[in-house]
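Chemist:
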Amino acid sequence: MFSRFGKPGLTRRTFLQSTAAVAAATSLPRIANAQDKVIKIGFLAPLTGAVAAWGKPGLDGCEIWAERVNAAGGIKLSDGDYMVEFVPYDNEYDPAKARTGATKLIREDGVSFIMMLGGDTWPGVQPVADRTGMLFSTLLPSDLGPDTTTLIAPAEVHPIYNVTAVEWMAENRPELKTAVMCAQDDALGLPSVATYLAAFEAAGIEMQGEPLLFDPATTDFAPVVTRLISSSPDIVCLDTCYSDYVHPICEQLFQQGYEGQIISCTADFYDQIIAKTSAEFMEGFLFQFPDFDDPALNSDQVNFADPNGFFAEYNKRYPGQWGAVSWEYASIMDLWKAAAEMAGSSEPDAVIAAMKEGGTGKHAFGDARWWGKELFGIENALVGDWPVVAIEGGKATIKEFRNIPAWYDKHGDLLVKHMKAYDQMWDQRG
Amino acid sequence: MRNLAIFVLGAAALLALPHGLSFSQQEILVFLTLNILLVSSYRLLTLTGEWSLAHVVIMGVGAYASALYTKELGVWVPVSILLGGATAALLAVLLSFPLFRMKGFYFLIGSFAAGEIIRLLWKRFRDPFGGAKGIKGIDPMPDFSIGIYDFDFFEPVSYYYLSGAVVAVCLWILWRIERSPVGLTFHAVHWQDRLAEASGVNLRAYRTLAFSIASGFAGIAGALMAHYVGTINPNSFDVDLMVFVLTWAIVGGTATFYGPILGCVVLTVLNEIVLREMGFEQMRPLIYGLIMILSILFLPKGLESLVQKFAGKRPGKSDTPERSTAQ
Chain P
1 MFSRFGKPGL
11 TRRTFLQSTA
21 AVAAATSLPR
31 IANAQDKVIK
41 IGFLAPLTGA
51 VAAWGKPGLD
61 GCEIWAERVN
71 AAGGIKLSDG
81 DYMVEFVPYD
91 NEYDPAKART
101 GATKLIREDG
111 VSFIMMLGGD
121 TWPGVQPVAD
131 RTGMLFSTLL
141 PSDLGPDTTT
151 LIAPAEVHPI
161 YNVTAVEWMA
171 ENRPELKTAV
181 MCAQDDALGL
191 PSVATYLAAF
201 EAAGIEMQGE
211 PLLFDPATTD
221 FAPVVTRLIS
231 SSPDIVCLDT
241 CYSDYVHPIC
251 EQLFQQGYEG
261 QIISCTADFY
271 DQIIAKTSAE
281 FMEGFLFQFP
291 DFDDPALNSD
301 QVNFADPNGF
311 FAEYNKRYPG
321 QWGAVSWEYA
331 SIMDLWKAAA
341 EMAGSSEPDA
351 VIAAMKEGGT
361 GKHAFGDARW
371 WGKELFGIEN
381 ALVGDWPVVA
391 IEGGKATIKE
401 FRNIPAWYDK
411 HGDLLVKHMK
421 AYDQMWDQRG
Chain V
1 MRNLAIFVLG
11 AAALLALPHG
21 LSFSQQEILV
31 FLTLNILLVS
41 SYRLLTLTGE
51 WSLAHVVIMG
61 VGAYASALYT
71 KELGVWVPVS
81 ILLGGATAAL
91 LAVLLSFPLF
101 RMKGFYFLIG
111 SFAAGEIIRL
121 LWKRFRDPFG
131 GAKGIKGIDP
141 MPDFSIGIYD
151 FDFFEPVSYY
161 YLSGAVVAVC
171 LWILWRIERS
181 PVGLTFHAVH
191 WQDRLAEASG
201 VNLRAYRTLA
211 FSIASGFAGI
221 AGALMAHYVG
231 TINPNSFDVD
241 LMVFVLTWAI
251 VGGTATFYGP
261 ILGCVVLTVL
271 NEIVLREMGF
281 EQMRPLIYGL
291 IMILSILFLP
301 KGLESLVQKF
311 AGKRPGKSDT
321 PERSTAQ
């Protein structure tokens with residue numbers, strides 16, 4: 001009887017092997033030749049709906065990544081070379097659909113690894129991960145916890161990297177002394193609020209009032225912005241707002257005559273913001289996600305293969321669609337591929353052991369270490385350098401790479417304090 | 001005898017159904033079962049002529065209540081599910097005081113506002129509602145064995161049997177209510193309200209009764225969902241899902257008991273299985289919307305009218321003479 005699955009007597013490994021065998025026996029690869037051996041990777045993220053901007057561009061980037069890897073001979077495991085194929089499932093940022101998607105990807109498609117955006121959808125998937133032992137990745141390390149050892153955050157350490165831009169700003173523009181902040185009141189916005197508060201406090205920047213939390217259903221940002229800039233702050237911080245909010249907020253800041261510094265986690269499709277405001281208004285806008293044609297990414301420390309070529313190919317296929325996540329899922333795949341090849345296997349246990357060997361890993365922006373015991377209860381976040389990006393002359397430009405653990409070593413207590421105040425520590429969840 | 005045979009065959013088919021489905025389709029079947037209860041309970045409210053936009057939030061009230069009863073008070077899950085439904089019904093009674101001062105379009109907008117207030121309260125108060133993150137790690141239904149079958153409620157088949165049994169009982173109760181004098185009075189409140197009032201029927205009391213019964217069953221659906229998925233948050237019960245409920249009811253038709261169920265089943269299978277299997281993963285909202293528009297244009301009386309046409313049958317004695325005013 002199927003309900004006996006997962007009970008003693010059937011190990012996770014046996015379970016995964018059997019489902020992979022069933023899936024392999026019942027399906028044919030779509031993009032590889034029939035005689036090729038194929039490794040399937042699950043892509044479980046919002047592809048439609050309000051949060052699709054943090055799923056769909058990532059899938060597009062993964063397809064380019066897969067073509068490149070397959071053209072170079074695929075993934076080399078101990079029993080031969082494998083072509084890689086992505087199997088997407090649109091979870092619509094809904095935990096119930098994410099659970100269904102995880103079940104499909106593991107039990108029907110026989111994937112070896114599943115990449116997620118995370119956030120609201122992770123708690124729906126967590127029981128599936130715990131039961132099957134499947135290796136998952138998230139872009140949001142706030143999903144991490146000691147209960148699930150097979151969830152990793154190897155690309156993005158949101159929102160901790162936000163400290164780097166604040167630190168850079170404080171050093172390079174010391175005349176900026178006061179700040180205000182707004183954020184959507186959700187699982188993505190709140191940990192970011194806590195992080196920016198810690199970063200501002202560490203930088204000696206005074207907050208003019210409590211962060212303004214708005215409902216995610218907000219569409220009219222005129223009153224939000226009016227209230228935000230009523231105290232004439234030097235800095236307006238947009239936290240980790242979705243692009244659907246960043247754009248209208250910037251428009252309102254422009255229309256209401258704000259002339260100070262703007263700092264934000266993301267500025268997806270910033271060319272559209274410039275078109276709606278002006279290049280002068282957006283000059284100096286600070287955020288965290290570079291365009292991959294930036295010459296700074298050709299540095300030896302960067303582990304992402306051919307970033308400029310990847311960016312050019314992406315823009316050729318999906319003009320105007322480059323966003324924060326376009327490269328992130330692909331960079332996770334770089335890490336997974338290297339670990340699978342080192343282990344000689346795509347088994348989740350073997351891959352994660354290889355990935356974490358020595359406590360370090362090759363993050364897209366440089367060598368990094370597995371980190372997060374204090375904040376996440378488990379060292380499953382790969383943390384190292386992160387770029388500070390400014391818009392200059394209408395183009396995103398990397399100003400500097402800064403080290404996140406170095407900031408944390410100096411100001412970690414502040415981050416913990418603010419995370420606790422917003423109930424964002426791993427042991428405060430649920 | 002014929003009815004008994006049909007019942008036995010139907011029950012056997014429903015018992016066998018999940019074993020003919022893939023794993024992900026079994027998951028979808030669980031949510032479909034819960035949504036059938038949601039949309040059927042919604043129809044009970046529409047019998048009185050009122051269309052609410054708070055029904056999904058009320059479902060969430062049941063989910064939050066049941067989750068909190070188990071997490072905070074240690075209530076046994078099956079009991080907490082019933083208490084979740086009771087809490088939703090009780091809240092509906094409280095909401096009825098301001099809401100049933102309004103009718104028709106004003107009630108519709110008022111119910112939307114009430115629902116949003118409840119959702120904002122969930123977001124605002126991190127203790128006990130978890131704020132925007134919601135509640136995680138909700139206790140699952142405890143597993144048990146009946147000798148020939150092990151109920152492991154992580155597995156969709158087991159949960160389908162549980163939720164299917166609960167939903168079947170709930171649908172039977174809803175059916176009996178509609179067939180009872182109370183149900184006939186609901187129809188009268190909708191279609192002959194002045195005459196009913198002149199006959200001594202307390203319109204507001206009957207509207208409140210329909211609202212609270214419908215809410216109670218929606219709350220049970222929400223509680224069942226919470227203990228299956230293990231997490232809930234305010235976005236799980238937003239207006240997007242309410243639009244789906246309205247769509248199921250409108251496309252299926254509300255003149256018969258089975259109309260909204262038909263709409264729910266057909267549209268869910270279309271959206272979650274057919275379009276995904278056809279590779280239209282990212283185009284589903286577009287195609288789904290198009291099919292909905294075509295259905296409303298060419299099937300103005302809903303999918304139920306097709307059934308009646310092929311069965312050569314007009315609406316039954318308890319069915320409404322025309323479709324609801326909201327259409």
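As you go down the protein sequences, you meet chains P and V in turn.
Start counting the first sequence at 1; every next residue gets the next number (the UniProt record's numbering).
Start counting the second sequence at 1; every next residue gets the next number (the UniProt record's numbering).
Using N, Cα and C, we set each Cβ at its ideal position, and we do this for glycine too.
These numbers come from a predicted model, not from an experiment.
(1) Label P:Gln-424 either buried or exposed according to how many other C-beta atoms from any shown protein chain fall within 10 Å of its C-beta, with 16 as the threshold for buried.
(2) With DSSP run on the structure shown, which of helix, strand or coil describes P:Asn-91?
(3) Tell me the residue span of the beta strand (DSSP E) that contains P:Thr-277.
(4) Tell me whether V:Leu-241, by its Cβ, gets closer than 8 Å to a heavy atom of the ligand COA.
(5) What do you reckon, are the CB atoms on P:Ala-170 and P:Leu-176 nearer than 9 Å?
(6) May I ask which residues mark the beginning and end of the alpha helix (DSSP H) holding P:Val-69?
(7) Please go through the same chain and pick out, in chain order, the residues whose beta-carbon is closer than 8 Å to the beta-carbon of P:Ala-21, but skip the five residues on each side of it.
(8) For a contact defined as C-beta to C-beta under 8 Å, what are the partners of P:Glu-108 on chain V?
(9) Considering only the alpha carbon of each residue, which of P:Ser-278, P:Phe-281, P:Gly-372, P:Tyr-270 lies closest to P:Phe-287?
(10) Could you run through the segment 72–105 of chain V and flag, in chain order, every residue whose CB is less than 7 Å away from some CB of chain P?
(11) For P:Ala-153 versus P:Leu-335, is the C-beta distance shorter than 9 Å?
(12) Could you list which residues in chain P have their beta carbon closer than 7 Å to that of V:Asn-235, in chain order?
(13) Near V:Gly-253, what residues of its chain come up, given a Cβ to Cβ distance below 8 Å and the 5 sequence neighbours on each side ignored?
(14) Kindly indicate which residue of P:Met-355, P:Glu-63, P:Tyr-329 has the alpha-carbon position closest to the one of P:Ala-340.
(15) Can a CB atom of chain V be found closer than 9 Å to the CB of P:Gln-301?
(16) List the residues of chain V whose Cβ lies closer than 8 Å to the Cβ of P:Gly-124, in chain order.
(17) How many angstroms separate the CA atom of V:Ala-214 from the CA atom of P:Pro-387?
(18) Check whether the Cβ of P:Ala-53 lies closer than 9 Å to any Cβ atom in chain V.
(19) Closer than 9 Å by beta-carbon distance: list the chain C residues that pair up with V:Glu-281, in chain order.
(20) Should V:Pro-142 be flagged as near chain P, meaning a C-beta pair shorter than 9 Å?
(21) Counting only Cβ pairs nearer than 9 Å, list the residues of chain V close to P:Asp-186.
(22) In this structure, how does DSSP classify V:Leu-262 when only helix, strand and coil are distinguished?
(23) Would you list, in chain order, the members of the segment 185–205 of chain P that have their beta-carbon closer than 7 Å to a beta-carbon of chain V?
(24) Within the 9 Å Cβ cut-off, does V:Gly-115 reach chain P?
(25) Exposed or buried, P:Asp-186, counting other C-beta atoms within 10 Å across all chains shown (16 or more means buried)?
(26) Quick one: is V:Leu-294 near chain P, going by C-beta distance under 9 Å?
(27) Distance check for P:Met-83 and P:Gly-74, CA to CA, integer angstroms please.
(28) Check for me: the beta strand (DSSP E) holding P:Thr-195 runs from which residue to which?
(29) Hey, how far is the Cα of V:Ala-5 from the Cα of V:Ala-11?
(30) If you scan the segment 335–379 of chain P from start to end, which runs of the alpha helix (DSSP H) of 4 or more residues do you find wholly inside it?
(31) Between the beta-carbon of V:Gly-222 and the beta-carbon of V:Ala-86, is there less than 9 Å?
(32) Indicate whether the contact test is met: 3 or more Cβ pairs, each with one atom in the segment 187–194 of chain P and one in the segment 393–408 of chain P, closer than 8 Å.
(33) Within this structure, are the beta carbons of V:Lys-71 and V:Ile-138 separated by less than 9 Å?
(34) Locate the alpha helix (DSSP H) running through V:Asn-271, then write down its first and last residues.
(35) Output the distance between the C-alpha atoms of V:Tyr-159 and P:Gly-101, rounded to the nearest integer angstrom.
(36) So, does the CB of P:Lys-417 fall closer than 9 Å to a CB anywhere in chain V?
Modeler: Taking the coordinates as given:
(1) Under this definition P:Gln-424 is a buried residue.
(2) Coil.
(3) Counting along the chain, P:Thr-277 falls outside any beta strand (DSSP E), and DSSP gives it neither H nor E.
(4) For the ligand COA, the structure offers nothing, since it holds no ligand at all.
(5) Closer than 9 Å, so yes.
(6) 56–71 is the extent of the alpha helix (DSSP H) around P:Val-69.
(7) With a pLDDT of 48 at P:Ala-21, under the threshold of 50, the predicted position of this residue should be treated as unreliable, and no value is reported.
(8) What P:Glu-108 touches in chain V: Ser-22, Phe-23, Ser-24.
(9) Cα-wise, what sits closest to P:Phe-287 is P:Tyr-270.
(10) Listed in sequence order: no entries.
(11) Between P:Ala-153 and P:Leu-335, the CB-CB gap reaches or exceeds 9 Å.
(12) Correct list: Asp-120.
(13) Excluding sequence neighbours, V:Gly-253 sits near Gly-259, Pro-260, Leu-262, Gly-263, Lys-301, Gly-302, Leu-303, Glu-304, Ser-305, Arg-323.
(14) Minimum Cα distance to P:Ala-340 is reached at P:Met-355.
(15) Not one chain V Cβ lies under 9 Å of P:Gln-301.
(16) Result: Val-229, Gly-230, Thr-231.
(17) Distance from the CA atom of V:Ala-214 to the CA atom of P:Pro-387, rounded to whole angstroms, is 54 Å.
(18) Taking 9 Å as the threshold, the shortest C-beta distance from P:Ala-53 to chain V does not fall below it.
(19) Absent from the structure is chain C; the protein chains it does hold are P and V.
(20) Not closer than 9 Å to any Cβ of chain P, the Cβ of V:Pro-142 fails to qualify, so no.
(21) When 9 Å is used as the limit between beta carbons, P:Asp-186 is near these residues of chain V: Lys-123, Gly-131, Ala-132, Lys-133, Asn-233, Pro-234, Asn-235, in chain order.
(22) Helix, per DSSP.
(23) So the close ones are Asp-185, Asp-186, Ala-187, Leu-190.
(24) No - not a single Cβ of chain P is within 9 Å of the one on V:Gly-115.
(25) So P:Asp-186 ends up on the buried side.
(26) For V:Leu-294, the answer is no, since every Cβ of chain P falls outside 9 Å of its Cβ.
(27) Computed Cα separation, rounded: 5 Å.
(28) Here P:Thr-195 belongs to no beta strand (DSSP E); instead the alpha helix (DSSP H) covers 189–203.
(29) Linking V:Ala-5 to V:Ala-11 through their CA atoms gives a straight-line distance of about 10 Å.
(30) Listed in chain order, the complete alpha helix (DSSP H) runs (minimum 4 residues) inside the segment 335–379 of chain P are 348–355, 373–376.
(31) Contact flag unset, no.
(32) As far as the Cβ criterion goes, the segment 187–194 of chain P does not touch the segment 393–408 of chain P, which means the pair count is below three.
(33) Going by C-beta atoms, V:Lys-71 is nearer than 9 Å to V:Ile-138.
(34) It is not in any alpha helix (DSSP H) - V:Asn-271 carries neither H nor E in the DSSP assignment.
(35) Straight-line Cα distance between these residues: approximately 17 Å.
(36) No, P:Lys-417 lies away from the interface with chain V (no Cβ there is under 9 Å from its Cβ).
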